[in-house]
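>
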Ligand code: 0O2
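Residue numbers (the numbering used here): 3 to 234.
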């Protein structure tokens, strides 16, 4: 198989190809080893999240997590990001500068679940919190809402232990619905989203924020009713 194929590099993107005809390609083995490491880190984080979710189900009859998605950043996306930040294209540069190679997206039912999960995950002894970006308390100008954590998790290999960064994005179902449409639109419009659609998306994001807090308020009320019924 051609290296371009392995790296899923668009054959039309000759500039990109010229720039990476060096260390990254020669280091194919190193690249694959690095990918294995990020993939193992995703498994560690997924397991932790699944255990937390199951524990909630057993003790509180509630699953905070609706579903979990995960992905390894694609090689062309890694290279584009390095180029955008004017960074060297090498395995060391990827390791030292790009923290979202391993990505886990946690879709929660309610806003309060997002913060429960973030808190419980980052309190674990073997997890180090490297960065928090709270786009729920401080939404982006375009309306994007989500809680982003960069955490470091140990991966135990045969000869050593590596501390691997993972980006964990936590959001509600409604925020996720919004982000998928916005992402699709931005991708289709090649970053030039028409102004009227941008405005409509901002409106939708605001309505979604109201809906999320109202749904949570109703959920809390329903729990209280349930407790009264059970005589708690
Ligand atoms: P992909 O396809 O997910 O890999 P950094 O270099 O880390 O300081 P970065 O990467 O912009 O800066 O960090 P940030 O703001 O935490 O965003 C990381 C990811 O969040 C993005 O990854 C998207 O997945 C998501 N995201 C951020 N802003 C938006 C937005 O406005 N709309 C949508 N739909 N998603 C967003 P990548 O690398 O862009 O892409």
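Beta carbons: idealized from backbone N, C-alpha and C, even for Gly. Treat the numbers as computed from the prediction; the structure is a model and nothing was measured.
Hey, would you say residue 93 sits closer than 8 Å to residue 32, going by beta carbons?
The sequence position of residue 93 within the chain shown is 91, counting from 1. The sequence position of residue 32 within the chain shown is 30, counting from 1. Contact: yes.
> Assign residue 80 to one of three DSSP states: helix, strand, or coil.
By 1-based counting over the chain shown, the position of residue 80 is 78. Helix.
> So, under 8 Å CB-CB, residue 172 and residue 120 are touching, yes? Tell me the CB distance rounded to an integer number of Å.
Here residue 172 corresponds to residue number 170 of the chain shown, with the count starting at 1. Here residue 120 corresponds to residue number 118 of the chain shown, with the count starting at 1. The Cβ separation is near 6 Å, so the contact holds.
> Do residue 96 and residue 59 come within 8 Å of each other at the CB atom, strictly closer than that value?
The residue given as residue 59 occupies position 57 in the chain shown. The residue given as residue 96 occupies position 94 in the chain shown. Result no, Cβ atoms of residue 59 and residue 96 do not sit closer than 8 Å.
> So, helix, strand or coil for residue 104, using DSSP?
Numbered from its first residue, the chain shown carries residue 104 at position 102. In this structure, residue 104 counts as strand in the three-state DSSP scheme.
> Roughly how many whole angstroms lie between the Cα atoms of residue 4 and residue 102?
Taking the first residue of the chain shown as position 1, residue 4 is located at position 2. Taking the first residue of the chain shown as position 1, residue 102 is located at position 100. Residue confidence is low: residue 4 scores 48 on pLDDT, short of 50, so the model does not pin down where it sits. Its coordinate-derived value is still stated next. Looking at the two C-alpha atoms, the distance is approximately 26 Å.
> Should residue 214 go down as buried or exposed, given a rule of 16 or more other Cβ atoms within 10 Å for buried?
Along the chain shown, read from residue 1 onward, the residue named residue 214 stands at position 212. Looking at its Cβ environment, which holds 16 or more other Cβ atoms inside 10 Å, residue 214 is buried.
> Should residue 147 be counted as a contact of the ligand HEM given a C-beta to heavy atom distance under 7 Å?
The model on display carries the ligand 0O2 but not the ligand HEM.
> Reducing DSSP to helix, strand and coil, say where residue 69 ends up.
Walking along the chain shown from the start, residue 69 turns up at place 67. Reduced to three states, the DSSP call for residue 69 is strand.
> Applying the 10 Å Cβ sphere with the 16-neighbour rule, what's the burial state of residue 52?
Along the chain shown, read from residue 1 onward, the residue named residue 52 stands at position 50. The residue in question, residue 52, is exposed, as its Cβ has fewer than 16 Cβ neighbours within 10 Å.
> Under a Cβ-count criterion, where at least 16 other Cβ atoms within 10 Å of its own Cβ denotes burial, should residue 192 be classed as buried or exposed?
Working through the chain shown from its first residue, we reach residue 192 at position 190. It is exposed - the Cβ of residue 192 has fewer than 16 other Cβ atoms within 10 Å.
> What does the alpha-carbon distance come out to for the pair residue 116 and residue 109?
In the chain shown, counting from the first residue as 1, residue 116 sits at position 114. In the chain shown, counting from the first residue as 1, residue 109 sits at position 107. Cα to Cα, the separation comes out at about 8 Å.
> Just curious, the alpha helix (DSSP H) that residue 57 is in, first and last residue?
In the chain shown, residue 57 corresponds to position 55, counting from 1. Run containing residue 57: 30 to 62, per the alpha helix (DSSP H) assignment.
> Taking 7 Å as the limit between beta carbons, can you name the residues of its chain near residue 44, skipping five residues before and five after?
Counted from its first residue, the chain shown places residue 44 at position 42. Result list for residue 44: 72, 104, 106, 168, in chain order.
> With respect to 7 Å, is the separation between the Cβ of residue 90 and the closest non-hydrogen atom of the ligand 0O2 below this value?
Counted from its first residue, the chain shown places residue 90 at position 88. The answer is no for residue 90.
> At a cut of 8 Å, does the segment 125 to 135 reach the segment 148 to 155 through at least three beta carbon pairs?
Yes, they touch.
> Taking the C-alpha atoms as reference points, what is the distance between residue 188 and residue 160?
Reading the chain shown from its first residue, position 186 is the one you call residue 188. Reading the chain shown from its first residue, position 158 is the one you call residue 160. Each residue's alpha carbon lies about 43 Å from the other.
> According to DSSP, is residue 150 helix, strand or coil?
For the purposes of this step, residue 150 is taken as the residue at position 148 of the chain shown. Note: residue 150 maps to strand in three-state DSSP.
> To the nearest whole angstrom, what separates the beta carbons of residue 166 and residue 39, a pair I think is in contact under 8 Å?
Here the question's residue 166 lines up with position 164 in the chain shown. Here the question's residue 39 lines up with position 37 in the chain shown. With a Cβ gap of about 6 Å, residue 166 and residue 39 count as contacting.
> With distances taken Cα to Cα, identify the nearest neighbour of residue 222 among 64, 50, 46.
Counted from its first residue, the chain shown places residue 222 at position 220. It is 64 whose Cα lies nearest to the Cα of residue 222.
> Grab the span of the alpha helix (DSSP H) containing residue 238 for me, first residue to last.
In this structure the chain extends from 3 to 234, so residue 238 is not present and cannot be described.
> From the DSSP output, in three-state form, read off residue 218 for me.
The residue given as residue 218 occupies position 216 in the chain shown. Helix at residue 218.
> Look up residue 136 in the DSSP assignment and say whether it is helix, strand or coil.
Translated into positions along the chain shown, residue 136 becomes position 134. Strand at residue 136.
> Looking only at C-alpha atoms, which of 69, 123, 178 sits nearest to residue 210?
Counting from 1 along the chain shown, the entry for residue 210 is found at position 208. Measuring from the Cα of residue 210, the nearest candidate turns out to be 178.
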